[in-house]
Amino acid sequence: MKKVIIVRLEDSGKQTIGHLSVFDGKEKLMEAKTLELPDKNNARSISCIPRGTYLCKPYSSKNYPNHYEVKNVPNRSHILFHEGNFNHNTEGCILMGKSFKDLNRDGELDVTSSVPTFEKFNGHLDRETFLLQII
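Quick note on numbering: the sequence shown equals residues 1 to 135 in the UniProt record's numbering.
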């Protein structure tokens, strides 16, 4: 089973930025930057999820085809990996991009190239269940 590790780097109180790595065994397949909400004790729609280890499964809906859902998050559901560049693009989900840059000049770092980064992520995970570790 492939493994995704997110190392959270900084919580500004408005958002949390991190570094994501995808592994197949010991082989690192890709790296990306992550953008999540700040840590507000796992409060629904305003907080990132707690650090820990989770199972992630393929998820598809009309709005989010070919995505992944983080399962068994205490008191939360529908936590997805999906595209988005800004902290207002998430209500608790995990966004990813190629690099950090303040795209909208609000003083907070955003993630760049979210769509191609997410497509690369999907390509490596190939619609398989994977293990997520957030540290």
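Beta carbons: idealized from backbone N, C-alpha and C, even for Gly.
Ordered along the chain, which non-local residues of its own chain (more than five positions away) have a Cβ less than 8 Å from that of residue i?
i	result
D110	L35, N85, F86, N87, G97, F100, K101, D102, L103 and N104
K71	Y54, L55, C56 and K57
Just to confirm, is the Cβ distance from residue i to residue j under 9 Å?
i	j	result
K40	V22	no
E108	K14	yes
G92	I49	yes
I5	Q133	yes
E69	S114	no
Please report the distance separating the alpha-carbon of residue i from that of residue j.
i	j	result
N75	Y54	14 Å
P38	L20	17 Å
M30	N122	11 Å
L95	E27	23 Å
V7	G18	5 Å
S77	H67	14 Å
May I ask which residues mark the beginning and end of the alpha helix (DSSP H) holding residue i?
i	result
E119	S114 to L125
So residue i is in the beta strand (DSSP E); what residue range does that whole segment cover?
i	result
R76	Here R76 belongs to no beta strand (DSSP E), and DSSP marks it neither H nor E.
P50	Careful: P50 lies outside any beta strand (DSSP E) and carries neither H nor E.
I5	K3 to D11
G92	Run containing G92: none; DSSP gives neither H nor E here.
Could you name the residues of the same chain whose beta carbon sits closer than 7 Å to that of residue i, not counting the 5 residues immediately before and after it, in chain order?
i	result
G52	I134
Note down, in chain order, each residue of its chain lying with its Cβ closer than 6 Å to the Cβ of residue i, except the 5 sequence neighbours on either side.
i	result
T112	G97, K98, S99 and K101
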